[in-house]
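Heads up: the protein sequence lines correspond to chains C and U, in order. Per our numbering, residue 1 is the first one in the first sequence, and the count goes up by one each step. Per our numbering, residue 182 is the first one in the second sequence, and the count goes up by one each step. Heads up, the thing below is written out as structure tokens.
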Amino acid sequence: MFSSIISKFIQYRNVVRPPGALIENVFLKLCTKCGLCIEACGIAGTGTLEKCSIFHGLEKRGTPRVNPLKAPCEIIKGRCEDSPPCVKACPTGALQLVDSSFVKLGSVEWYRDRCIAVIKGGGCLVCYEVCPISGAIKPTRDRIPEFNTELCIGCGRCVNACPANPKALKLTSKGAKRIQY
Amino acid sequence: MRSHLNRVIAFTGLDILASFLLPFRGKVLKPKRRLRKPIEPKVVIVKSPQRNVELMVREALDCLGDLGGIVCSDSTVLIKPNVGFSYVEANTNPKVVEAVVKVVKEHSPRRIVIAESSVRGSDTTYNFMVTGLYDIARKYSVEIVDLKKTKDVVTVETFGSKLKTVRVYKLAYEADVIISVSKLKRHVEAGVTISLKNMMGTLPDSEKGRFHLLGLHQCIVDLNTVLKPDLAVIDALDVMTVTGPSHGEMVKANMVIVSKDPVAADTIAALELFKLEGIDSPLNELYKIEHIIKAGELGLGEANPEKIEVLVKTI
């Protein structure tokens, strides 16, 4: 019980930032919590960004985060590929324009016991269908997805599309590439 | 968390209240499009190395016979391309859609609509834009609808065995004529994705998820008892082989496959796909594609390649 609360707390602290975010401590200093990136994402982007709540930490409250349950971040092979609206909207430079090869928001975590393909012995693989990176998700011989966290860019398309309830996938900031300032 | 919530709901008696209210939430409609009598299983394949797409589509439809039997002056025609992804190679070639729109427009139906709902989590409007379908719709002044934004969903009874009811977009349900303009692709779960699987693009996202939970093959067949394409046009100009539906080895086949019987069209197209892959026994591979075989058993069309009349033309 107690450990689950702690693990939940740690998960909350684990915030997936929009593409091109500076390294966390600098990002927090530069971000004025104006919410322009979130607004721009809603208008010109997919609408994945939202404000962190107080549960993510006092200092992070109000800063932007990627919520794949609302929508995926289409920074690679999607509508924001050429000009990410969140980066363009940022007035302070907390979000910077980066090359598409540098983009890695985080990586996806797989909960084996919730996955439909594992429970039913094949019959899903929606995550593989929607993945924009070839090789990041591969079907094994038992028709179960296999995740390559190094290739995964953390766009959250698979998390958004997962038909399991509760979702068998979770987006974490593990392995995120952030700009050193 | 959810289980706790369920317990609270059960304890407070909210579930009893909900069971009273739920029947009024939406009524179940009867299928508008009855299972029609089997059409003659005739499939036309037109090959053209020069890729004159409009000529190919016209030639194929001429060989099939008159389109006038399908498209009337007072009918609403739904053209359903496969625009599932934001990568152009995974979508139907826009030139094929353009040719179909052009031919249908000559029969002057009351309304022509291009409609699609992309894969879960993908933005259909953007996919239309990338594929260039908005330009085509503007050029020929036909409607183009992002189904995900309409949010008008109806519940329909099916004649299937697994799905009793299915929730589809109202626009697809009300269309008099459905023309499926699909792409010949491999699919990781369904084996192949052609005309029958293409009809999954008329479902809301939640329903697509339910299909995967219940078993995709049977659900595709059950959906096609309600929404069966009247005309199947298959874009096999570039075929996605080996893996799919988003990434695969693209092979140039320079073909367009057309039939009034979607099951026959899928059978022949799947065989062509297996031949392109270089599989030794395409027939054995075909028997693994459950949804085509089941659709044939249910009488939606002809799934036996021996009974299908195939006409191959080269321009």
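The beta-carbon is built from N, C-alpha and C at its ideal position, and this holds for glycine as well. The structure presented is a predicted model; accordingly, all values stated were derived computationally and were not measured.
Subject >> Close beta carbons around residue 267/U, own chain, < 7 Å, minus the five adjacent residues each side >> reply: The residue given as residue 267/U occupies position 86 in the second sequence. Closer than 7 Å at Cβ, skipping near neighbours: 303, 307, 308 and 311.
**OP:** Answer yes or no: do residue 73/C and residue 20/C have a C-beta to C-beta separation smaller than 9 Å?
**Re:** The residue labelled residue 73/C in the question sits at position 73 within the first sequence. The residue labelled residue 20/C in the question sits at position 20 within the first sequence. Not in contact: residue 73/C and residue 20/C (Cβ atoms no closer than 9 Å).
Subject >> Contact between the stretch 279-291 of chain U and the stretch 325-337 of chain U (3+ Cβ pairs under 8 Å) >> reply: no
Original post:
Would you say residue 370/U reaches chain C, if we count a Cβ-Cβ gap shorter than 9 Å as a contact?
Top reply: One-based indexing of the second sequence puts residue 370/U at position 189. Yes, because at least one Cβ of chain C sits closer than 9 Å to the Cβ of residue 370/U.
Original post:
So what's residue 424/U in DSSP terms, helix, strand or just coil?
Top reply: As a working note, residue 424/U is residue 243 in the second sequence. Under the three-state reduction of DSSP output, residue 424/U falls in the coil class, being neither helix nor strand.
Subject >> DSSP beta-bridge partners of residue 350/U >> reply: Working through the second sequence from its first residue, we reach residue 350/U at position 169. Partner(s): 334/U.
Original post:
For residue 86/C and chain U, any beta-carbon pair shorter than 9 Å?
Top reply: Residue numbering aside, residue 86/C sits at position 86 when the first sequence is read from its first letter. It does not; no Cβ of chain U falls within 9 Å.
Original post:
Quick one: which chain U residues come within Cβ less than 8 Å of residue 160/C?
Top reply: Position 160 of the first sequence holds residue 160/C. Under the 8 Å cutoff, chain U gives 301 and 302.
Subject >> Any chain C beta carbon closer than 9 Å to residue 472/U >> reply: Locating residue 472/U in the second sequence gives position 291, where the first residue counts as 1. Chain C, which has no Cβ nearer than 9 Å to the Cβ of residue 472/U, makes this no.
Original post:
According to a CB-to-CB cut-off of less than 8 Å, which residues of the stretch 415-433 of chain U neighbour chain C?
Top reply: 426, 427 and 428
**OP:** Can you tell me the Cβ-Cβ gap for residue 446/U and residue 417/U, rounded? I've got them flagged as a contact below 8 Å.
**Re:** As a working mapping, residue 446/U is identified with position 265 in the second sequence. As a working mapping, residue 417/U is identified with position 236 in the second sequence. No, residue 446/U and residue 417/U are not in contact; Cβ-Cβ is about 11 Å, not under 8 Å.
Subject >> residue 118/C at chain U interface by Cβ criterion, 9 Å >> reply: The sequence position of residue 118/C within the first sequence is 118, counting from 1. It does not; no Cβ of chain U falls within 9 Å.
Original post:
Residues in the stretch 272-299 of chain U with C-beta within 8 Å of chain C's C-beta atoms, listed in sequence order?
Top reply: none
Original post:
Does the count of Cβ pairs from the stretch 109-126 of chain C and the stretch 35-50 of chain C closer than 8 Å reach three?
Top reply: no
Original post:
Are any of the Cβ atoms in chain U nearer than 9 Å to that of residue 109/C?
Top reply: In the first sequence, residue 109/C corresponds to position 109, counting from 1. So no, residue 109/C is outside the interface.
Original post:
Just by C-beta distance, which residues in the stretch 383-394 of chain U are closer than 9 Å to chain C?
Top reply: 386, 387, 389, 390, 391, 392, 393 and 394
Original post:
Going along the stretch 253-268 of chain U in order, which residues come within less than 9 Å of chain C, judged by CB to CB distance?
Top reply: Identification of residues in the stretch 253-268 of chain U having a C-beta nearer than 9 Å to some C-beta of chain C yields 265, 266, 267 and 268, given in sequence order.
Subject >> Limits of the unbroken beta strand (DSSP E) element including residue 129/C >> reply: Translated into positions along the first sequence, residue 129/C becomes position 129. Here residue 129/C belongs to no beta strand (DSSP E); instead the alpha helix (DSSP H) covers 126-130.
**OP:** Measure the C-alpha to C-alpha separation of residue 272/U and residue 265/U and round it to an integer number of angstroms.
**Re:** Against the second sequence, residue 272/U aligns to sequence position 91. Against the second sequence, residue 265/U aligns to sequence position 84. Going from the Cα of residue 272/U to the Cα of residue 265/U covers about 6 Å.
Original post:
Which bits of chain U does residue 46/C rub up against, with CB to CB less than 8 Å?
Top reply: Here the question's residue 46/C lines up with position 46 in the first sequence. Neighbours of residue 46/C on chain U, chain order: 304.
Subject >> Sub-9 Å separation of residue 241/U and residue 251/U beta-carbons >> reply: Stepping through the second sequence from its first residue, residue 241/U is reached at position 60. Stepping through the second sequence from its first residue, residue 251/U is reached at position 70. No, the Cβ-Cβ distance between residue 241/U and residue 251/U is not below 9 Å.
Original post:
Which stretch, first to last residue, makes up the alpha helix (DSSP H) that contains residue 448/U?
Top reply: Indexing the second sequence from 1 puts residue 448/U at position 267. First-last of the alpha helix (DSSP H) with residue 448/U: 443-458.
Original post:
Which residues in the same chain as residue 104/C place their Cβ atom closer than 7 Å to its Cβ, once the five residues preceding and following it in sequence are excluded?
Top reply: What you label residue 104/C is simply residue 104 of the first sequence in a count that begins at 1. Same-chain partners within the cutoff: 153, 154, 175, 176 and 177.
Original post:
If we ignore side chains and look at the alpha-carbon of each, how far apart do residue 399/U and residue 370/U end up?
Top reply: Translated into positions along the second sequence, residue 399/U becomes position 218. Translated into positions along the second sequence, residue 370/U becomes position 189. Going by the C-alpha atoms only, they are around 12 Å apart.
Subject >> Those residues which DSSP pairs with residue 122/C across a bridge >> reply: Position 122 of the first sequence holds residue 122/C. DSSP lists no partner for residue 122/C.
Original post:
So what does DSSP say about residue 324/U, is it helix, strand or coil?
Top reply: Mapped onto the second sequence, residue 324/U falls at position 143. If DSSP states are grouped into helix, strand and coil, residue 324/U belongs with the strands.
Original post:
Nearest to residue 473/U by alpha carbon, out of 443/U, 353/U and 461/U?
Top reply: Reading the second sequence from its first residue, position 292 is the one you call residue 473/U. Minimum Cα distance to residue 473/U is reached at 443/U.
Subject >> Strand pairing of residue 413/U, partner residues [DSSP] >> reply: Indexing the second sequence from 1 puts residue 413/U at position 232. DSSP lists 361/U and 440/U as partners of residue 413/U.
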